[in-house]
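Numbered according to the numbering used here, the sequence shown spans residues 3 to 176. One structure is given below, encoded as structure tokens.
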Amino acid sequence: MALLNVLVAPDPRLKVKAKHVDIVDDEVRRLMDDMLETMYAAPGIGLAAPQVGDARRIIVIDIAHDDEPKQPLRMANPEILWRSDEETTYNEGCLSLPEHYADVTRPREVRVRYLDHQNEIRELHADGLLATVIQHEMDHLQGVLFVDHISPLKRNIILRKLAKLKRSKVPEPA
Ligand code: GNR
Ligand code: NI
Numbered sequence: 003m004a005l006l007n008v009l010v011a012p013d014p015r016l017k018v019k020a021k022h023v024d025i026v027d028d029e030v031r032r033l034m035d036d037m038l039e040t041m042y043a044a045p046g047i048g049l050a051a052p053q054v055g056d057a058r059r060i061i062v063i064d065i066a067h068d069d070e071p072k073q074p075l076r077m078a079n080p081e082i083l084w085r086s087d088e089e090t091t092y093n094e095g096c097l098s099l100p101e102h103y104a105d106v107t108r109p110r111e112v113r114v115r116y117l118d119h120q121n122e123i124r125e126l127h128a129d130g131l132l133a134t135v136i137q138h139e140m141d142h143l144q145g146v147l148f149v150d151h152i153s154p155l156k157r158n159i160i161l162r163k164l165a166k167l168k169r170s171k172v173p174e175p176a
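The following block contains the structure:
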């Protein structure tokens, strides 16, 4: 297992559309496990492959609390089969937008089809926080961040602050 580096916005690798996975083999399983380890260490409750610089349609999620047994979900090629008309709002965070939060409204329930870590087709009905995190992670596979769901004014404030922070950390070549 290995900890992976999580990309912080603005970064062009967070804006690309990720590619379909043909088969979940040992190499993909290793990536899923490294992503879970990275997510738990952060700590976070979800992580998408583009956030660790890998442009494939892979996400991992665990919304179990610290005092509960782990409930890791590993998904390749997730597809939303159904979304509820009813919506819900969560104050979302993102490991690629550290220390920034905003309310995002999304469908309250979703039905998802995906390939699991054994390369088996599975379906899951999710609601509440799990449904929100699934949609947040699937957005990453389209190059979409939660700030793309809020007002351009709030989005630009967050992205400018993060860009400035990057400039202060990484000296530009002279
Ligand atoms: O850790 C995370 N918390 C979170 C909270 C509310 C809605 C979505 C999330 S996902 C986020 C981790 C992350 O950036 N996943 O891409
Ligand atoms: Ni995120």
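We treat Cβ as the ideally placed atom computed from N, Cα and C, and that holds for glycine.
Query: Relative to the C-alpha of P109, which candidate in G55, Y92, M41 has its C-alpha closest?; Result: Y92
Query: Look up E29 in the DSSP assignment and say whether it is helix, strand or coil.; Result: helix
Query: Go ahead and label I123 buried or exposed: buried means 16 or more other beta carbons lie within 10 angstroms of its beta carbon, across all protein chains shown.; Result: exposed
Query: Does T40 pass the burial test, meaning 16 or more other C-beta atoms within 10 Å, or should it be called exposed?; Result: buried
Query: Do the CB positions of R15 and G55 come within less than 8 Å of each other?; Result: yes
Query: Considering only heavy atoms of the ligand GNR, does any lie closer than 7 Å to the CB of A11?; Result: no
Query: Could you check whether V23 and I60 sit closer than 8 Å to each other, using their CB atoms as the reference points?; Result: yes
Query: My assumption, with CB atoms under 8 Å, is that V135 sits in contact with I63. Please give the rounded CB distance.; Result: 5 Å
Query: Nearest by alpha-carbon distance to L38: which of V106, D27, C96, A50 is it?; Result: A50
Query: Give the range of the alpha helix (DSSP H) segment to which H142 is assigned.; Result: 130-143
Query: Measure the C-alpha to C-alpha separation of S86 and S170 and round it to an integer number of angstroms.; Result: 43 Å
Query: Among I65, I25, L97, which residue has its Cα nearest to the Cα of N7?; Result: L97
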